[in-house]
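Chains as they are written, first to last, in the UniProt record's numbering: chain A, 1 to 803; chain B, 1 to 272.
What follows is a short report on a single structure.
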Amino acid sequence: MGKSLTPDQLFTTCDPDLLPGDTTNDLDELPGLIGQERAIEAVSFGIGLRRAGYNLYALGMSGTGKHSVIADYLRREAAKQPTPDDWCYVNNFADPQRPNALRLPAGRAGPLRDAMRKLVEELTAVLPATFESEDYRARREVINEQFKQQSEQAFGDLQERAKARQIALIRTPVGLALAPLKGGEVLPPEEFEKLPEPEQKKIREAIETLQGQLEALVRRIPDWERKHREAVRALNHEVTKFAVDHLIQEVRNQYGDLPEVLAYLADVERDLVENAGDFMPQMQPGMAAVGAEGGDGPGRAFRRYQVNVLVEHEPGKGAPIYYEDRPNHQMIVGRVEHIARFGTLTTDFTLLKPGALHKANGGYLILDAVKLLGNGFAYESLKRALRAGEIRIETIEQMLSLATTISLEPEAIPLDLKIVLVGEAELYHMLHAYDPDFAELFKVPVDFEERIDRSSRNTILMARLIATSVKREKLRPFNRSGMARVIEQASRMVEDAQKLSVHMRSLNDLLVEADHHAGLAGATEVDGGHVQQAIDAQRRWLDRIPQRLREEMLRGTYRIETSGQVVGQINGLSVFGLGGRSFGRPSRISARVRVGRGELIDIEREVELGGPLHSKGVLILSGFLGGRFGLNRPLALGASLVFEQSYGGVEGDSASMAELCALMSALSDLPIRQGLAMTGSVDQSGQSQAIGGVNEKIEGFFELCAARGLTGEQGVIIPASNVKHLMLREAVVAAVRRGEFHIHAIDHVDEALEILTGEIAGSPGADGSYPPGTINAKAAKRLADFAERAAAFGRKLEPGRGA
Amino acid sequence: MNQRDSGFPVRRIVIALESICENLTALEAAAEMAQRMQAELHGIFIEDADLLSAANLHFVKQVTLYSGARSSLDPAEIEREFRAKAERARRQLEDLATRIRVPWSFQVHRGRRTSLIEMTEHSDLLVVAAVARQVAGFMALPSEWPDISLGSGRSCLLLGAPGQHKRGVLAIFDGTAAGSRAIAAALALDGTVHPLTLAVAAGSEQAAAVNPVLQQAATKGGVERVVLPEKVDLKRLLQKRQCALAVVPGGLAGHGLRDLLVAPPCPVLLVN
Numbered sequence: 001m002g003k004s005l006t007p008d009q010l011f012t013t014c015d016p017d018l019l020p021g022d023t024t025n026d027l028d029e030l031p032g033l034i035g036q037e038r039a040i041e042a043v044s045f046g047i048g049l050r051r052a053g054y055n056l057y058a059l060g061m062s063g064t065g066k067h068s069v070i071a072d073y074l075r076r077e078a079a080k081q082p083t084p085d086d087w088c089y090v091n092n093f094a095d096p097q098r099p100n101a102l103r104l105p106a107g108r109a110g111p112l113r114d115a116m117r118k119l120v121e122e123l124t125a126v127l128p129a130t131f132e133s134e135d136y137r138a139r140r141e142v143i144n145e146q147f148k149q150q151s152e153q154a155f156g157d158l159q160e161r162a163k164a165r166q167i168a169l170i171r172t173p174v175g176l177a178l179a180p181l182k183g184g185e186v187l188p189p190e191e192f193e194k195l196p197e198p199e200q201k202k203i204r205e206a207i208e209t210l211q212g213q214l215e216a217l218v219r220r221i222p223d224w225e226r227k228h229r230e231a232v233r234a235l236n237h238e239v240t241k242f243a244v245d246h247l248i249q250e251v252r253n254q255y256g257d258l259p260e261v262l263a264y265l266a267d268v269e270r271d272l273v274e275n276a277g278d279f280m281p282q283m284q285p286g287m288a289a290v291g292a293e294g295g296d297g298p299g300r301a302f303r304r305y306q307v308n309v310l311v312e313h314e315p316g317k318g319a320p321i322y323y324e325d326r327p328n329h330q331m332i333v334g335r336v337e338h339i340a341r342f343g344t345l346t347t348d349f350t351l352l353k354p355g356a357l358h359k360a361n362g363g364y365l366i367l368d369a370v371k372l373l374g375n376g377f378a379y380e381s382l383k384r385a386l387r388a389g390e391i392r393i394e395t396i397e398q399m400l401s402l403a404t405t406i407s408l409e410p411e412a413i414p415l416d417l418k419i420v421l422v423g424e425a426e427l428y429h430m431l432h433a434y435d436p437d438f439a440e441l442f443k444v445p446v447d448f449e450e451r452i453d454r455s456s457r458n459t460i461l462m463a464r465l466i467a468t469s470v471k472r473e474k475l476r477p478f479n480r481s482g483m484a485r486v487i488e489q490a491s492r493m494v495e496d497a498q499k500l501s502v503h504m505r506s507l508n509d510l511l512v513e514a515d516h517h518a519g520l521a522g523a524t525e526v527d528g529g530h531v532q533q534a535i536d537a538q539r540r541w542l543d544r545i546p547q548r549l550r551e552e553m554l555r556g557t558y559r560i561e562t563s564g565q566v567v568g569q570i571n572g573l574s575v576f577g578l579g580g581r582s583f584g585r586p587s588r589i590s591a592r593v594r595v596g597r598g599e600l601i602d603i604e605r606e607v608e609l610g611g612p613l614h615s616k617g618v619l620i621l622s623g624f625l626g627g628r629f630g631l632n633r634p635l636a637l638g639a640s641l642v643f644e645q646s647y648g649g650v651e652g653d654s655a656s657m658a659e660l661c662a663l664m665s666a667l668s669d670l671p672i673r674q675g676l677a678m679t680g681s682v683d684q685s686g687q688s689q690a691i692g693g694v695n696e697k698i699e700g701f702f703e704l705c706a707a708r709g710l711t712g713e714q715g716v717i718i719p720a721s722n723v724k725h726l727m728l729r730e731a732v733v734a735a736v737r738r739g740e741f742h743i744h745a746i747d748h749v750d751e752a753l754e755i756l757t758g759e760i761a762g763s764p765g766a767d768g769s770y771p772p773g774t775i776n777a778k779a780a781k782r783l784a785d786f787a788e789r790a791a792a793f794g795r796k797l798e799p800g801r802g803a
Numbered sequence: 001m002n003q004r005d006s007g008f009p010v011r012r013i014v015i016a017l018e019s020i021c022e023n024l025t026a027l028e029a030a031a032e033m034a035q036r037m038q039a040e041l042h043g044i045f046i047e048d049a050d051l052l053s054a055a056n057l058h059f060v061k062q063v064t065l066y067s068g069a070r071s072s073l074d075p076a077e078i079e080r081e082f083r084a085k086a087e088r089a090r091r092q093l094e095d096l097a098t099r100i101r102v103p104w105s106f107q108v109h110r111g112r113r114t115s116l117i118e119m120t121e122h123s124d125l126l127v128v129a130a131v132a133r134q135v136a137g138f139m140a141l142p143s144e145w146p147d148i149s150l151g152s153g154r155s156c157l158l159l160g161a162p163g164q165h166k167r168g169v170l171a172i173f174d175g176t177a178a179g180s181r182a183i184a185a186a187l188a189l190d191g192t193v194h195p196l197t198l199a200v201a202a203g204s205e206q207a208a209a210v211n212p213v214l215q216q217a218a219t220k221g222g223v224e225r226v227v228l229p230e231k232v233d234l235k236r237l238l239q240k241r242q243c244a245l246a247v248v249p250g251g252l253a254g255h256g257l258r259d260l261l262v263a264p265p266c267p268v269l270l271v272n
């Protein structure tokens, strides 16, 4: 017969006296989590191996403290590493659509940006002053005068030649014309007609000749203009260069050790000299052709000399650690912003914004895997960058080659960083299975434990972990009983008296809530009572549905017997999980037997309410019956099993032992004590096997019994292999202590049958028969009867064979 | 100072408007002056008789300045252009005069530019364009007006190519009656926005003669007195001073007055 468990087997207490210190104030803080040696080793390996693809995926249940462990570790490592370079985008004067990336040692990008801003400010003052100076104006006037004289001389000569021939150069609305003169006025047509033909001819020829000369003269005007522009340009170039060279040299002196910056400054100087007109308050005549961007205001023109500092680091600060909370495409690779101008959107290199990859480059980037995958294209963008080893700021349209409009194509920036993806284990396994790139790019799994052994050492460490959280959260100190109760609950969280949960979020929540209860009570320390209040409150908040079910059982809507005896009926136990709360619920399982051909009908499966695991459990029963009773004769048995009043699906095999017992009761015609409930699975030889949710199942049945009134006959039968998982509520333990409730642990179905029926199960003798009167003997006899009746029935049906 | 009490009384300002240059600058400058001097505005649009005669000579072609191409001169087209431009000039004059609330009138005259002098002998001030057309950044076709103005013995305001005119009025005193009127005109025109520079282009006697004028002007403040050297190049002087208006007596022919009027760096009020 199975063992009835003692109260101390139902709940493994934590002895407060074994804990160090009086309160958490006396305990040293833990630098990290406990029991995460495997994860720490993986992190250490992944961080230390600076090769492509050795990025990390921290997997584990949400709330285990992965983020903080990773961040803490990285913080320590990053501080020892060199600070990465600063990065800027600057104008590409040869092709503004393709801004150049500029790399500077840490801390030197900001000063370059400021120096360039100052340079432009100074040029804004210096260049106009230069161009308004007396010296410049005089030189400009000399050029103008030179060309003016040249052109006026040419026109004047023509005019003189015309005048000598009594021909006037007159102005027309769009040009010039030559006409004969008489008395200082143009000869009227009627008078011209009166002139002798030879004179008319002479005038016409003279005009024709002069007109040819006038045409030639007019055609020289563009050439004069070009030469004039060139002369002015040369003057402006010389004047600007003098002013710019002096100012830009100051910047050059600061960055003499950086050839890339010097090359950029050379480009700037060239462009400044070419476009000095942009600095004029009003474009000077003759400078329009020199100043390139007609129509753009000076402010806009000056933008091209700005330095867009993308990332800036403080020297000596170590490698950056960046966590991106919104890992979408733009936040990962950066973005090109636009400004509305005259109704259209425009952009330039100053509107390039960094992404997380830029900010973390040279260091570490932490991303939530589920958020990354939930943002369209973000994961793809990240992989592209990692594969290419560079960050290219581009829009999604550009990435997918969908864009047809001209946009910026900034120079790519080399990428050298470690990515740490943080996510659930399921996601890791799925990515590994379905994305070939994932295995290439995330080679280091950092697997976080959710539970640790409840050893003496770990118990002490857990106390220190509690102390660490209490101090970090600035809670009232927890005294020994408070710490002990939290540690006990850590075992209950993982449903195992020999383990402790390291699910930091749940533990922290419990600490904060217990502190709140202590505060309500006006206590200065948090004790075990406050912790228990927090546990009870959590349970109460989610107790509506279990309470409703229990109520319907008490009202008889759901028929669950907790007293008396019934043949072929047993209380099974199942567990429901709802919104973070699991609760146990008893279910009435019934079995009926008849003459048949060895078929065992699982009604749940027949109506497709049973899952495959449940069906497997039921089929195992056939195996057990065949092995025990069908060695010498066929099993002429027809049986059906059902979860009464079950309207949802049934899954799992944790009721298979109960189903076997119900079946044996029906076969042996021995009634089962309804004050007992049972959980556990069974193998084909009748051995019991552990199941999950044992605490909730026991408590679910206990609550029903308690509500009806404990009789001392009630209890739960569990597999012996589940005893180590017991961390039952105090109410159950107290009832057991008082003898009002019992927990039986069994190893074999025969033990269960003896408890359930109060009869001896019986072991087979040498001939394979069971002692008379035992459960198995009765079952065997029933099956023998079934076999005989089946045989007789078969003979009757067989033609040509009389009775 | 009330201009009617000054030595440069202006009751009527005549603006010479032409088809070859619309001369909007002249209109605006004349309007500003009319407002300041409370004078009447009278616009005369000249339909160039020489141009019409030339257009009627079938062998006369025009050479387009912007292409150098040769094309015929159509008299009918010239007539249409005269009418259109005259109407536009009239409307602009009306708009300006209405805005500044001065009396105005307008007429179209077909003839030569010189005839305008005879037509307007009762006018106090003639506003004309010194430059016919800007051909290139450095070059403008000269107008007949500088020579007509110099030969007329009348007071004229000559306007150059549009450019960056600065602030201030430069008036030149040469010891003559015209010089005194130039000072008076400058003082009449000088408002709060126009600091006045009096340049004395004469010997000590003439310089002394300007003192009473200066004393009168001193009450307004902002008057600078500059004694010019014996031989001064007026155009260079104005280029250097960068003033908004120069008031010059007509007797300064020996100082490059014609050169100044042919391509004035700023509007020049020639006082006779």
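C-beta atoms are modelled at their ideal positions from N, C-alpha and C, and glycine is treated no differently.
Item: On the DSSP bridge list, what partners appear for ASN55/A?; Value: Looking at the DSSP assignment, ASN55/A forms no beta bridge with any residue, so it has no partner.
Item: Flag CYS28/B as yes if its beta-carbon sits less than 8 Å from any beta-carbon of chain A, otherwise no.; Value: Sequence check: residue 28/B is Glu here, not Cys. Chain A contact via Cβ: absent.
Item: If we define contact as Cβ-Cβ less than 8 Å, is GLU152/A a contact residue for chain B?; Value: yes
Item: Using 8 Å as the limit for Cβ to Cβ distance, is LEU73/B near chain A?; Value: yes
Item: With distances taken Cα to Cα, identify the nearest neighbour of LEU57/B among PHE155/A, ALA138/A and ALA179/A.; Value: ALA179/A
Item: Which of the three DSSP states, helix, strand or coil, is assigned to PRO436/A?; Value: helix
Item: Looking at the strands, I want to know which residues DSSP matches up with ALA639/A.; Value: VAL593/A and LEU600/A
Item: At the level of alpha carbons, what is the spacing between GLU409/A and SER381/A?; Value: 16 Å
Item: Please decide whether LYS148/A counts as near chain B, where near means a Cβ-Cβ distance under 8 Å.; Value: yes
Item: Cβ of GLU215/A less than 8 Å from any chain B Cβ?; Value: yes
Item: Using DSSP with H/G/I as helix, E/B as strand and the rest coil, what is SER654/A?; Value: coil
Item: Out of curiosity, what's the CA-to-CA distance linking ARG588/A and PHE624/A?; Value: 22 Å
Item: Residues of the region 166-194 of chain A with a CB closer than 8 Å to any CB of chain B: list them in chain order, please.; Value: ALA168, ILE170, ARG171, THR172, PRO173, VAL174, GLY175, LEU176, ALA177, LEU178, ALA179, PRO180, GLU185, VAL186, LEU187, PRO188, PRO189 and PHE192
Item: Report, in whole angstroms, the separation of the C-beta atoms of ALA639/A and ILE601/A, which I expect to be a contact under 8 Å.; Value: 7 Å
Item: Taking only beta-carbon atoms, is residue 330/B less than 8 Å away from chain A?; Value: This structure cannot speak to residue 330/B, because chain B is shown only from 1 to 272.
Item: Any C-beta of chain B within less than 7 Å: which residues of the region 200-227 of chain A qualify?; Value: ARG204, ILE207, GLN211, LEU214, GLU215, VAL218, ARG219, ILE221, TRP224 and GLU225
Item: Looking at C-alpha atoms only, which residue of ILE743/A, MET678/A, LEU635/A and VAL749/A is the closest neighbour of SER685/A?; Value: VAL749/A
Item: VAL128/B to LEU158/B, Cα distance in whole Å?; Value: 5 Å
Item: Which residues mark the beginning and the end of the beta strand (DSSP E) in which LEU61/B is found?; Value: Note on residue identity: the sequence assigns Lys, not Leu, to residue 61/B. Its beta strand (DSSP E) spans residues 61-64.
Item: Whole angstroms are fine: how far does the CA of ARG233/A sit from the CA of MET283/A?; Value: Bear in mind that a pLDDT of 45 at MET283/A, under 50, signals an unreliable position, so the model cannot answer this.
Item: Cβ of GLU230/A less than 8 Å from any chain B Cβ?; Value: no
Item: Going along the chain, which residues of the region 38-70 of chain B sit with their C-beta nearer than 7 Å to a C-beta in chain A?; Value: ASP50, LEU51, SER53, ALA54, ASN56, LEU57, PHE59, VAL60, LYS61, GLN62, VAL63, THR64, LEU65, GLY68 and ARG70
Item: Within 10 angstroms of its Cβ, does GLU293/A collect 16 or more other Cβ (buried), or is it exposed?; Value: Legend: pLDDT at GLU293/A = 37, less than 50; position of this residue unreliable, value from coordinates given subsequently. So GLU293/A counts as exposed.
Item: Taking Cβ positions, are THR13/A and GLU525/A nearer each other than 8 Å?; Value: no
Item: Taking LYS418/A as part of the alpha helix (DSSP H), name the residues at either end of that continuous run.; Value: That residue, LYS418/A, is in no alpha helix (DSSP H); its beta strand (DSSP E) goes 418-423.
Item: Give a yes or no on whether the minimum CB-CB distance between GLU160/A and chain B is below 8 Å.; Value: no
Item: Would you verify that the beta carbon of THR192/B is, or is not, closer than 8 Å to some beta carbon of chain A?; Value: At THR192/B the pLDDT is 43, less than 50, meaning the model places this residue with poor confidence and gives no usable figure here.
Item: How would you label GLN97/A, buried or exposed, when you count the other beta carbons within 10 angstroms and need 16 or more for buried?; Value: exposed
Item: To the nearest angstrom, how far is it from the Cα of LEU704/A to the Cα of THR679/A?; Value: 16 Å
Item: Output the distance between the C-alpha atoms of ARG225/B and ALA97/B, rounded to the nearest integer angstrom.; Value: 35 Å
Item: Ordered along the chain, which non-local residues of its own chain (more than five positions away) have a Cβ less than 7 Å from that of ASP416/A?; Value: ASN361 and GLY362
Item: CA-CA distance, VAL422/A and LEU19/A?; Value: 34 Å
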